[in-house]
Every structure is written in C-alpha cells, then in structure tokens.
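For reference, the structure is listed below as structure tokens.
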Amino acid sequence: MFLIQDQDSGTLFIVLVAITILLLLLVVVVVLFSVFMKRKNSLLLEQEEAKQRFEREITETQIEIREETLRNISWELHDNIGQLLTLAKIQTQNSGGSQQDLDEAVATIGKGLTEIRALSKLINPEALKNMSLPEALNLELERFERMAYLKPSLKISGSPIEIDKKIETIIFRILQEFFTNTIKHSKATHLDVHLNYRGDTVLITVKDNGVGFDYEKARAKNGIGLTNIETRAKLIGATIKYMSQVNEGTTLSLNYKTQSL
Numbered sequence: 001m002f003l004i005q006d007q008d009s010g011t012l013f014i015v016l017v018a019i020t021i022l023l024l025l026l027v028v029v030v031v032l033f034s035v036f037m038k039r040k041n042s043l044l045l046e047q048e049e050a051k052q053r054f055e056r057e058i059t060e061t062q063i064e065i066r067e068e069t070l071r072n073i074s075w076e077l078h079d080n081i082g083q084l085l086t087l088a089k090i091q092t093q094n095s096g097g098s099q100q101d102l103d104e105a106v107a108t109i110g111k112g113l114t115e116i117r118a119l120s121k122l123i124n125p126e127a128l129k130n131m132s133l134p135e136a137l138n139l140e141l142e143r144f145e146r147m148a149y150l151k152p153s154l155k156i157s158g159s160p161i162e163i164d165k166k167i168e169t170i171i172f173r174i175l176q177e178f179f180t181n182t183i184k185h186s187k188a189t190h191l192d193v194h195l196n197y198r199g200d201t202v203l204i205t206v207k208d209n210g211v212g213f214d215y216e217k218a219r220a221k222n223g224i225g226l227t228n229i230e231t232r233a234k235l236i237g238a239t240i241k242y243m244s245q246v247n248e249g250t251t252l253s254l255n256y257k258t259q260s261l
C-alpha cells in the first residue's frame, strides 16, 4: 500500500515538473514572441519614419530646384536675352537702311530666339521631370556657358544605368548646390563634370579651378551648403568626399550604388 502511494506521489511529482517546465517554456515563448513583435514594430516604425523623411526631403528638394530655376530664368532674361533684344533694337535704330546692319539685327534677334527656346526647357517642369541625370546636367552646364559664368565640360564614361527619379532629383540638387557655390564664391574659370558608370554604381566627380577653401574649417562652422550636401548624400546612401585647398580649386566626388529603398 505504501509502495503504491510512493509511486503515485512520484508520478504526480513528475507530472508537476513536466507542467512547470511546459509553463516555463510557454512563458519563454510568449516573452520571445513579445520581444520579436516589439522589435518588428519598432523596425516598421523606423522604416515608415525613414520613408516619410525621404518623401519630405524629395518635396523640399523639388521646391529648391524650382526656386533655383526661377532665379536662373530671371538672370538669363535680364543678363542674356534682355541684352540681345536691346542690342537688336539699337542695331535696327542705327541701321539707316543699310542691309548689312539689318542683317546683323536679324542675326541678333535669331540668337535671342534660340536662347528663348533653350530657356523654355527650364520653364517646362514636365521636360525636366522626364530628363535623365546626364540630360539635366548638360542643360545646366549649357546655361553656364551661355551666361559666360565659366567654361564647363561634361564627360560620361561607361553605360548609363537606370536610377530612381527621386534619387536622381537629390543627386542633381547636390551637384547644383556645388555649382552655385562655385559660381558665387570660387572665381573659377573652368568646371569639369565626369559621370563614370561602373556596373550598378555611378561615380560623379566635379572639379573647379577656383580659389578653393579650407574644408575642415568650413565643416567646423557647419556651413549650410556643406551640411545640406552631406545630409542628402546620407539620405540616399551615397558617399561624398570633398577635396579642396586654398588656391588649388575644389573637387567633389559622389559615389552612389543603386539599391531598393
């Protein structure tokens, strides 16, 4: 009888231990699942926030490009096309019936019409929206040459790759910011742009022959231009490298590898 009770007690003990172990395992599973879901939700939230930051940056970048475009149109209307039309008016007034003078006036007006056609590409947002990065850069550099800001060049190596239009918008704005700084501050006479496509990567090198600057000092002062360039490069997963020395020009290298956002 006592033997039977001992056996029953042993069985009960084993059952209780088994139940305890199962409960502990269940608790561990629940905790692990809870941690997993919390981590997953946190990652999803971070991804959503990153997506929203990206979309905000795209919107701000598009606005900045439009504002820059409007400034460019204003300068070109005043400094280029306006001067051509004024010259044509003077040539016509002073022609005195001379066929040669009239021909010169007609040629000047023709040049003005050509400039207006080129300018219309900047005004048309759909045209810019559908342009590839090389096409948009070429249009921008052609404007610099028309305005006699400096002598630009564009070189393309390798086979161009397809890049998300939103990414191209940010890359274009990064380069546009560099161009603006070059024209405003560098006193450069030449600006060379090189797009080098290597498989799924594009390496963009921009170099001017201006007065240069001390990069470390400028970076320490948190210059808005440099900060914007570096922030936007980080946003799209691109790497940026500045090389500049006083009186030796400035070079910007941007390396971007296509990826899924």
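Residue numbers (full-length UniProt numbering): 1 to 261. Yeah, the Cβ is synthetic: ideal placement off N, Cα and C, and Gly gets one too. Remember, it's a predicted structure, so these values are computed and weren't measured experimentally.
### Task
Going by DSSP, name the residue or residues bridged to Val202.
According to DSSP, Val202 bridges with Tyr197 and Tyr256.
### Task
Look up Asp208 in the DSSP assignment and say whether it is helix, strand or coil.
DSSP places Asp208 in strand when its eight states are reduced to three.
### Task
Tell me whether Met243 sits in a helix, a strand or coil according to DSSP, three-state version.
Met243: strand per DSSP, three-state reduction.
#### Entry: Opening and closing residue of the beta strand (DSSP E) in which Pro152 lies
Counting along the chain, the beta strand (DSSP E) containing Pro152 begins and ends at Lys151 to Ser157.
### Task
Look at the alpha carbon of Leu203 and the alpha carbon of Val29, and state the distance between them as a whole number of angstroms.
Each residue's alpha carbon lies about 48 angstroms from the other.
### Query
Between the stretch 172-192 and the stretch 148-163, do at least 3 Cβ pairs fall closer than 8 angstroms?
A contact exists between the stretch 172-192 and the stretch 148-163.
### Message
When you compare the CB positions of Leu252 and Val206, do they come within less than 7 angstroms of one another, or not?
### Response
Yes, these two residues count as a Cβ contact at 7 angstroms.
### Nearest-angstrom beta carbon gap, Leu133 and Phe172 [assumed within contact, 8 angstroms]
Phe172 to Leu133, Cβ: 6 angstroms. Contact.
### Message
Considering just the uninterrupted stretch of the alpha helix (DSSP H) at Thr92, what are its terminal residues?
### Response
Where Thr92 is concerned, the enclosing alpha helix (DSSP H) stretches over Gly82 to Gln93.
### Message
Whole angstroms are fine: how far does the CA of Lys166 sit from the CA of Glu57?
### Response
Straight-line spacing of the CA atoms in Glu57 and Lys166 works out to 10 angstroms.
### Task
Measure how close the beta-carbons of Asp103 and Asn94 come, nearest whole angstrom, since I'm counting them as under 8 angstroms.
With 8 angstroms as the limit, Asp103 and Asn94 do not qualify as a contact, their Cβ atoms being about 13 angstroms apart.
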